[in-house]
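Q:
In full-length UniProt numbering, the protein residues as written are 1 to 324.
1. Short of 8 Å in beta carbon distance, which residues of its chain neighbour residue 168, apart from the five on each side in sequence? Order them along the chain.
2. Is it right to say residue 302 is buried, meaning 16 or more other beta carbons lie within 10 angstroms of its own, or is it exposed?
3. Please report the Cβ distance between residue 69 and residue 142, rounded to the nearest whole angstrom; I am assuming they are in contact, meaning their Cβ atoms lie under 8 Å.
4. Where does residue 246 sit, in a helix, a strand or coil, going by DSSP?
5. Find the nearest neighbour of residue 102 within the set 92, 122, 86, judged by alpha-carbon distance.
6. Quick one, which of 194, 179, 130 has its alpha-carbon nearest residue 159's?
7. Helix or strand or just coil, what does DSSP make of residue 140?
8. Which parts of the stretch 105-170 are runs of the alpha helix (DSSP H), unbroken and 4 residues or longer, counting only runs that do not cross its ends?
9. DSSP three-state call for residue 193: helix, strand or coil?
10. Any heavy atom of the ligand FAD inside 6 Å of the beta-carbon of residue 283?
11. Pop quiz: residue 325 and residue 157 are said to be a contact at Cβ under 8 Å. What is the actual Cβ separation, rounded to whole angstroms?
12. To which residues of the same chain is residue 223 closer than 7 Å at the C-beta, ignoring the five residues directly before and after it?
13. Could you check what DSSP says for residue 216 in three-state terms: helix, strand or coil?
14. Which residue from 124, 120, 22, 53 puts its Cα closest to that of residue 104?
15. Looking at the secondary structure, which residues open and close the beta strand (DSSP E) in which residue 183 lies?
16. Using CA atoms only, rank isn't needed, just tell me which of 86, 304, 98 is closest to residue 258.
17. Does residue 112 pass the burial test, meaning 16 or more other C-beta atoms within 10 Å, or should it be called exposed?
18. Around the C-beta of residue 135, are 16 or more other C-beta atoms found within 10 angstroms, so that it is buried, or is it exposed?
19. Report buried or exposed for residue 197, applying the criterion of at least 16 other Cβ atoms within 10 angstroms of its Cβ.
20. Residues in its own chain within less than 8 Å of residue 281 by CB, not counting five upstream and five downstream?
21. Rounded to a whole number of angstroms, what is the C-alpha to C-alpha distance between residue 283 and residue 78?
22. Is residue 166 closer than 7 Å to residue 180 when the C-beta atoms are compared?
23. Using the C-alpha atoms, what's the distance from residue 264 back to residue 86?
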């Protein structure tokens, strides 16, 4: 049988979009605002960890009543920022691979820089007018310190793909919107140079959106590398987990391959499928059928870290490849 490649995102939205979940989020925000930065009640259990952490930071950093993004770049300053940003040379690629299909689906695409400022915002005229009304427009600052929790802000903060839906946004004015975003890394230095974002209705967190964003980000990074031939590249080779049926599971990074035990392969697969984190007790339940085995899981994690130390920064990204 030929290899089956599974993208590094779940096959369903990373967050639920139902009204019951949105109601829990609203209650959690109310509790958090009433109790300050310390979570309590619903806020401690109903909200994904990256979102809750961002809410806490936003609560401390943002003045009450501030609900519209400020214009950080206007006129000639915006044009200069666009002209000098790596995305300017990638616009044909970005428009063909990302913007055109997103606009056809009735969504808005934003291209942001490393400071969280939106350099380009393109989409259907109706939707871009609505987005502009809340300050989601070219030149606006959508960093976390400026606008609180959003997909562009979290993609930059965590340097990983993220989806934010409805009331997961910190500001009430953004609650009608959902968004998916991925960072773009400089292939020479590994630093974040910008963010690709898709914003709109719940369709913005549909199953195909993150894979589309990730594929576009990889294409941009490859093009950036091609435009600077001979420059040393950062260690951005994907780390692949190969689950090989009866054969030995493998962990592969570039030209390097490490054999894994079956248990370590299972552990990595579970971690890979839990991008927002997973508790030790939950891993124990999945691996051993009992939360009481959490101590055993912790010991396995310690041993696994030694294996990952031989690879790239102890991280797993890229693809999960299953061979039969």
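Cβ atoms here follow ideal geometry from the backbone N, Cα and C, with glycine treated the same way. None of the values given here were measured: they were computed from a predicted structure.
A: Result, derived from the coordinates:
1. 15, 25, 47, 48, 51, 149
2. exposed
3. 6 Å
4. Residue placement at residue 246 cannot be trusted, given a pLDDT of 47 that sits under 50; what the coordinates show is reported in the next sentence. DSSP places residue 246 in coil when its eight states are reduced to three.
5. 122
6. 194
7. strand
8. 125-133, 144-147, 151-158
9. strand
10. As far as ligands go, the structure on display features none, and thus does not contain the ligand FAD.
11. Outside the shown range of the chain, which is 1 to 324, sits residue 325, and nothing can be said about it.
12. 90, 93
13. helix
14. 124
15. 178-185
16. 304
17. buried
18. buried
19. buried
20. 291, 294
21. 48 Å
22. no
23. 39 Å
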